[in-house]
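In this text, residue positions in the sequence shown follow my numbering: the first is 1, and each later residue adds one.
Beta carbons are placed, not taken as given, at the ideal position from N, Cα and C, and that holds for glycine.
Each remark here refers to the structure printed beneath this line.
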Amino acid sequence: MRVFKGRKFEVLVERKSLPNGDETEIEFIHHRGSAVVVPMLSSEEVVVIRQYRPVVGKWLYEFPAGTVEEGESPVQTAIRELKEETGYNAEELQQLIAFYPSPGVSDELMYVFLARRLRVGESKPEKHELIEVNKLNINELYGMLNRGLLNDAKTILALFLLRSKM
């Protein structure tokens, strides 16, 4: 049963069968999925956005990301979000992982992409997005993490994935 339907997700209540044969009623967020992009300018420099997040009432440092739109693939989402939020276009895009950020309450599948060979253009954030684009040294970003200045889970995971690719 649908309880709520918004632009990005809907809240459902459903009965689900468990592997042991029992049934349970669950409430969860059905989400089309999302894509995160790690934009690499060089082997030592990345593009990071600083974005105001009204839900938590804070400015957060993040890699560009967004919700998969109807009829769009995660790759298309990554390309669109990178352009909208930073102005960059990537000539090379590699999927690093797909993961469930909060499987206890949502079926959202989040895809993380590494973007290389970037060309700069003009950013076009959505009207409700307050975004600053930054170029940061990767070691500086790790330092921010160690000082507690990175609070966004998808960005932290992507940063650790990036370390394993270097």
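Output yes or no for whether 8 Å exceeds the beta carbon distance between residue i and residue j.
i: E62; j: V47; result: no
i: V120; j: L157; result: no
Can you find the residues in the same chain that come closer than 8 Å, C-beta to C-beta, to residue i, ignoring five residues on each side of it along the sequence?
i: E153; result: The sequence shown places Ala at residue 153, not Glu. Contacts found: P101.
i: E126; result: E84
i: S17; result: E23
Under a Cβ-count criterion, where at least 16 other Cβ atoms within 10 Å of its own Cβ denotes burial, should residue i be classed as buried or exposed?
i: E108; result: buried
i: E85; result: buried
i: F97; result: The residue asked about is misnamed: residue 97 is Ile in this sequence, not Phe. By the neighbour-count rule (16 or more Cβ atoms within 10 Å), I97 is not buried but exposed.
i: L176; result: A question about residue 176 goes unanswered here, because the residues of the chain that appear run from 1 up to 166.
i: V36; result: buried
i: L149; result: exposed
i: P74; result: buried
i: L141; result: buried
i: G66; result: buried
i: V68; result: buried
Rounded to whole angstroms, how far is the Cβ of residue i from the Cβ of residue j, which I believe are closer than 8 Å?
i: L130; j: Q51; result: 7 Å
i: L82; j: P39; result: 6 Å
i: E23; j: R15; result: 5 Å
i: L114; j: N89; result: That belief does not hold up - the Cβ atoms of L114 and N89 are roughly 15 Å apart, past 8 Å.
i: M110; j: G57; result: Actually they do not touch by this definition, with Cβ atoms about 23 Å apart.
i: N137; j: E45; result: 6 Å
Looking only at its own chain, which residues have a Cβ that is under 6 Å from the Cβ of residue i, when we skip the five neighbours before and after it?
i: H31; result: F9, S106, E108
i: T155; result: E62, F63
Return no unless some Cβ of chain B is closer than 8 Å to the Cβ of residue i.
i: K5; result: The structure shown contains no chain B; it holds only a single protein chain.
Leaving aside the five residues before and after residue i along the sequence, list all residues of the same chain whose C-beta is less than 7 Å from its C-beta, in chain order.
i: N151; result: L60
i: E122; result: G87
i: F4; result: E10, V11
3 or more residues per run - each beta strand (DSSP E) lying fully within the segment 124-158: 131-137
Ordered list of beta strand (DSSP E) runs contained in the segment 76-115, each at least 3 residues: 88-99
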